[in-house]
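Working notes, beginning with the structure itself.
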Amino acid sequence: MVDAVIVGSVALDTVKTPFGEVKEVLGGAATYSSYAASFFAKPGIVAVVGEDFPKEHLQLLEARGIDTSGIKKEGKTFRWEGFYEYDMNEAKTVKTELNSFESFSPKIPEEYKKAKYVFLANINPELQLKVLEQIESPEMVMLDSMNLWIYTKKDKLLDVIKKSDVLLLNDGEARQMFNTPNLAIAGAEALKLGVKHFIIKKGEHGALLFSEGSHFNAPGYPLEAIKDPTGCGDSFAGGLIGYMAKTNNSDESNLRKAIVYGSVLASFNAEDFSLNRLKQISNQDIEKRYKEFEKMRQF
Ligand code: AMP
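Just so you know, we're using our numbering here: the sequence shown kicks off at 3 and counts up by one.
As structure tokens, then:
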């Protein structure tokens with residue numbers, strides 16, 4: 003049985019950073035997040051790829067125990083092209099080709115329906131809703147999105163927010179979503195929409211958590227070797243939902259730990275392009291860096 007259902011893009015990315023460039027490599031929000039989650043739990047992906055999608059990418063996910071039976075094959079794979087300048091907190095999109103995601107209507111496998119943890123990774127909010135409707139009784143639903151959907155499908159996005167427990171956005175998206183430069187105001191506005199928690203990702207500066215009556219902030223890891231931040235937000239979310247699924251405890255104190263595990267996964271991911279760094283790490287590496295995070299917070 004799958005512990006965490008993840009819907010989102012599975013993509014071929016073309017990315018340029020000041021430290022190199024790659025063409026049509028494995029990427030996508032569901033790819034990064036399920037891979038990160040697989041260190042803790044058994045994720046199942048809901049997505050569509052084209053006939054052109056290299057089969058070794060699927061084999062890589064399956065080798066980590068990720069259930070890929072919810073990945074349909076038709077048409078042409080989603081493609082994203084972007085670049086970063088020296089401020090690597092902001093991706094600049096050159097091109098987004100939705101391709102087979104344009105007409106994708108998800109039907110989730112039986113083994114996914116009883117999952118308690120759901121991550122609605124970045125994709126069209128209408129699709130996120132269709133997946134959510136098919137899960138029987140989730141314990142925690144976490145939702146991510148991006149500027150494209152905030153601009154073009156805000157009403158649908160608001161519908162999904164109302165059905166979610168945790169909203170996850172980066173700082174730029176939070177300002178845009180709630181029409182304010184002030185993140186504390188954005189935090190309060192998100193809670194008014196009914197989510198229990200609002201997490202704002204601040205790239206290399208860590209993450210903020212807003213809950214009813216409390217705040218938490220996790221530091222960023224002082225990385226010296228950043229090559230490509232693509233997928234850091236998704237690795238963060240995947241580490242977080244994977245840890246929540248493993249521990250099956252949605253208390254805020256556990257969520258705080260999950261946020262630190264998410265930050266650990268994101269920090270590893272930035273060290274190389276595509277999933278190259280995540281492919282090299284072990285659970286021991288994750289624990290070691292988690293302890294370093296703990297030390298950074300002692301005073
Ligand atoms: P992030 O974790 O925010 O860096 O997400 C990076 C991933 O998001 C890339 O691997 C892209 O393939 C994917 N992506 C970019 N634009 C979109 C979009 N509009 N919908 C879904 N996924 C996207």
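Using N, Cα and C, we set each Cβ at its ideal position, and we do this for glycine too.
Would you mind reading off the limits of the beta strand (DSSP E) that contains Lys290? Where Lys290 is concerned, there is no enclosing beta strand (DSSP E), although the alpha helix (DSSP H) it sits in stretches over 285–298.
Within its chain, find whatever has a CB closer than 6 Å to the CB of Leu145; leave out the 5 residues flanking it on each side and keep chain order. Leu122, Val162, Ser166, Leu169
Going by beta carbon distance, what residues of the same chain come within less than 6 Å of Val12, once the five residues before and after it are set aside? Taken in chain order, the residues that qualify are Gly30, Ala32, Thr33, Ala49, Val51.
Is DSSP giving Gly84 helix, strand or coil here? strand
Reduced DSSP secondary structure (H/G/I, E/B, other) of Gly218: In the sequence as displayed, the identity of residue 218 is Phe instead of Gly. Residue state, collapsed to three classes: strand.
Could you check if Ser11 belongs to the surroundings of the ligand AMP, using beta carbon to heavy atom distance under 8 Å? yes
Hey, could you find the ends of the alpha helix (DSSP H) Glu58 is sitting in? 57–65
Can you tell me whether DSSP reads Asn124 as helix, strand or coil? coil
Cβ-heavy atom distance, Leu145 to the ligand AMP, below 8 Å: no
Taking three-plus beta-carbon pairs below 8 Å as touching, is the segment 201–217 in contact with the segment 68–85? Inter-segment contact for the segment 201–217 and the segment 68–85 is absent: fewer than three beta-carbon pairs are separated by less than 8 Å.
Which residues in the same chain as Ala227 place their Cβ atom closer than 6 Å to its Cβ, once the five residues preceding and following it in sequence are excluded? Glu273
Measuring straight from C-alpha to C-alpha, what distance separates Gly22 and Phe85? So the alpha carbons of these two residues sit roughly 10 Å apart.
Contact test: Phe80 Cβ vs the ligand AMP heavy atom, cutoff 8 Å: yes
Who are the Cβ neighbours of Pro45 in its own chain at under 6 Å, not counting the five residues just before and after it? Ala6, Ile8, Ser36, Ala39, Ile68
Phe200: first and last residue of the uninterrupted beta strand (DSSP E) it sits in: Counting along the chain, the beta strand (DSSP E) containing Phe200 begins and ends at 199–203.
List the residues that DSSP assigns as beta-bridge partners of Pro231. Paired residues: none, contrary to the question.
Can we say the segment 180–199 touches the segment 146–159, given the rule of at least three CB pairs closer than 8 Å? no
Glu206 bridges to which residues according to DSSP? According to DSSP, which records beta bridges pairwise, Glu206 is partnered with nothing at all.
Alpha-carbon to alpha-carbon, Pro20 and Lys229: 8 Å
Through-space distance from Ile110 to Gly174, alpha-carbon basis: 32 Å
Assuming Thr70 is part of the alpha helix (DSSP H), what are its boundary residues? No alpha helix (DSSP H) holds Thr70; DSSP gives it neither H nor E.
Can you tell me whether Met246 is buried or exposed, with buried defined as 16 or more other CB within 10 angstroms of its CB? buried
Hey, would you say the C-beta of Leu150 is under 8 Å away from at least one heavy atom of the ligand AMP? Relative to the ligand AMP, the nearest heavy atom lies less than 8 Å away from the CB of Leu150.
Could you tell me the alpha carbon to alpha carbon distance between Asn124 and Ser252, rounded to whole angstroms? 22 Å
Check the DSSP bridge columns for Glu191 and list the partner residues they point to. Paired residues: none, contrary to the question.
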